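When you read off a place in the sequence shown, starting at 1, and then add 32, the result is the number in my numbering.
Positions of the beta carbon are idealized from the N, C-alpha and C atoms, including for glycine.
Note that this is a predicted model, so its numbers are computed, not measured.
Structure first, then comments.
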Amino acid sequence: MKKVYLDNASTTSIRPEVVQEMTKVLAEDYGNPSSTHSLGRNSKSIIELSRKAIAKSINVTAQEIIFTSSATEANNWILRSAVKDLKVTRIITSKIEHHAVLYVVQQLQKEFGITIDYVKVNSDGTIDLTHLVELLSMGGKTLVSLMHVNNEIGVVLDLQRVGMLCKEYGALFHSDTVQSIGKRRLDLQLISVDFLVASAHKFHGPKGVGFAYIKKNSGLQPLLYGGEQEKGLRAGTEPVHQVAGMAKALVLSYANLEEEINLITSLKSYLVSRIKEFFPQATFNGGKDGIETIVNVTLPFSVDKTAMILFHLDMKGIAVSRGSACQSGSIKPSHVLAEMLSDEDLRKPNLRISLSHYNTKEDIDLLIDGLQTI
Ligand code: PLP
């Protein structure tokens with residue numbers, strides 16, 4: 033049975049060149065980067081070359097890139113230190129953020145008594161920027177945390193515009209760029225942002241490694257204490273093979289970006305046209321201008337079929353998601369769609385189909401065939 037992988041917003045398969053690079057580093061470059069002997073210096077050099085390559089891809093300096101175990105860790109670190117050390121007393125965010133931001137902010141409210149203001153979400157899932165300006169104009173040392181691309185519905189935030197607004201009102205700006213790094217070109221000399229986070233497995237790199245962009249002189253303090261790695265900001269021996277794999281994956285993503293995006297864009301329009309043809313009553317969530325990798329659709333099936341759609345497709349070798357991966361095993365409605373849809377529409381079966389350049393039209397035909405037999 034052909035496996036059809038249409039769940040690339042959850043994670044992506046690793047590029048073969050990345051596996052090759054990581055295997056080489058695992059086998060040969062095992063020195064501890066903190067050791068002063070040549071094996072250690074060699075590992076250190078792999079780490080620093082990786083840092084430079086990543087920094088170059090988003091046009092920042094190497095010292096502004098800090099490696100972490102994941103985007104989740106990076107989000108936790110930045111938000112917690114902003115409150116604890118930078119004395120942020122209010123966080124403006126939205127109810128459609130990933131839980132790696134939403135739950136952190138809620139925890140910080142419990143621990144530190146900060147204020148949370150949720151910016152309104154329009155019915156197409158975009159952020160209401162007029163409301164953001166209203167919130168920004170109200171006082172308190174503020175941090176804005178808004179994701180670049182929503183992982184469930186693919187809606188894209190205008191980072192440049194929000195960055196300018198934050199600057200104008202003197203607020204710090206953090207953006208979870210997990211779904212856009214490696215898929216959209218980002219030139220941070222043109223965008224006013226203080227903190228970004230990324231996770232390698234979302235751009236065809238390894239799991240369990242990510243990075244944070246921390247603007248120079250931010251004053252952020254560490255989450256973990258121990259060794260002097262990462263300029264004392266993130267203690268713990270660096271996972272050299274993971275970091276090398278992440279850098280390789282990012283460089284390749286940007287080197288092939290236009291070609292791969294063109295392919296994914298044509299796959300997305302094929303997918304959308306097939307769904308419209310076979311399920312004319314289907315509705316799409318997330319507006320027209322979402323990222324090309326994500327399609328979120330509410331299907332005109334009876335509500336009692338909701339729980340078994342994923343199972344049925346899985347039996348046919350087709351991997352897709354409902355909402356984010358963390359919730360996909362449960363039938364709890366998505367917290368993102370809950371902000372946009374009526375209660376009735378929220379109960380209807382919903383799928384997130386997410387694409388990569390490894391997909392083909394045949395994958396989409398198999399998905400449509402699978403859906404037709406439900
Ligand atoms: N933020 C967004 C938007 C995501 O899509 C994810 C992963 O699903 C994360 C954060 C968390 O990434 P990780 O599990 O790699 O830490």
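As assigned by DSSP and simplified to three states, the class of residue i
i    : result
S126 : coil
V136 : helix
H206 : strand
D61  : coil
Y334 : Tyr is not the amino acid found at residue 334; the sequence shown has Ser there. In this structure, S334 counts as coil in the three-state DSSP scheme.
F311 : coil
N40  : coil
S177 : strand
T100 : strand
I489 : No answer is possible for residue 489: it lies beyond the span of the chain, which begins at 33 and ends at 406.
V329 : strand
I159 : strand
S353 : strand
V368 : coil
V120 : coil
V153 : strand
V20  : Residue 20 lies beyond the residue range present for the chain, which begins at 33 and ends at 406; the question has no answer from this structure.
C358 : Confidence at C358 is low in this model, with a pLDDT of 44, below 50, so the placement of that residue should be treated as unreliable; the coordinate-derived value is given next. In the structure shown, C358 sits in a helix (DSSP, three-state: H, G or I).
Any non-hydrogen atom of the ligand PLP within 7 Å of residue i CB
i    : result
Q261 : no
Q211 : yes
G242 : yes
S458 : With the chain running from 33 to 406 in the structure shown, residue 458 is simply not present.
M179 : yes
H130 : yes
T104 : yes
S231 : yes
N108 : no
D377 : no
N183 : yes
D149 : no
D39  : no
D208 : yes
Where the alpha helix (DSSP H) through residue i begins and ends
i    : result
Y286 : 272-287
S386 : From DSSP, S386 is part of no alpha helix (DSSP H) but of the beta strand (DSSP E) over 382-386.
S75  : 70-89
V229 : Run containing V229: none in the alpha helix (DSSP H); it sits in the beta strand (DSSP E), 227-231.
G195 : 191-200
V269 : Before going on, a small fix: residue 269 reads as Thr here, not Val. It is not in any alpha helix (DSSP H) - T269 carries neither H nor E in the DSSP assignment.
G402 : 393-404
R379 : 375-379
Per-residue burial, residue i [other beta carbons within 10 Å of its own, 16 or more giving buried]
i    : result
D117 : exposed
K45  : Before going further, note that residue 45 is Ser rather than Lys in the sequence given. It counts as exposed.
Q52  : exposed
I296 : buried
A279 : buried
R384 : buried
A281 : buried
L303 : buried
Y257 : exposed
N91  : exposed
D208 : buried
Y62  : exposed
S388 : buried
E105 : buried
A339 : exposed
Q404 : exposed
D321 : exposed
K406 : Rather than Lys, the amino acid found at residue 406 in this sequence is Ile. Exposed.
V433 : The structure shown has nothing for residue 433, since the chain only spans 33 to 406.
S334 : exposed
Where the beta strand (DSSP E) containing residue i begins and where it ends
i    : result
F343 : Run containing F343: none in the beta strand (DSSP E); it sits in the alpha helix (DSSP H), 338-347.
I473 : Since the displayed the chain opens at 33 and closes at 406, residue 473 lies outside it and no answer follows.
T147 : 147-150
is_contact[residue i, chain C] using C-beta, thresh 8 Å
i    : result
K320 : Considering every chain present, this structure includes no chain C. It has just one protein chain.
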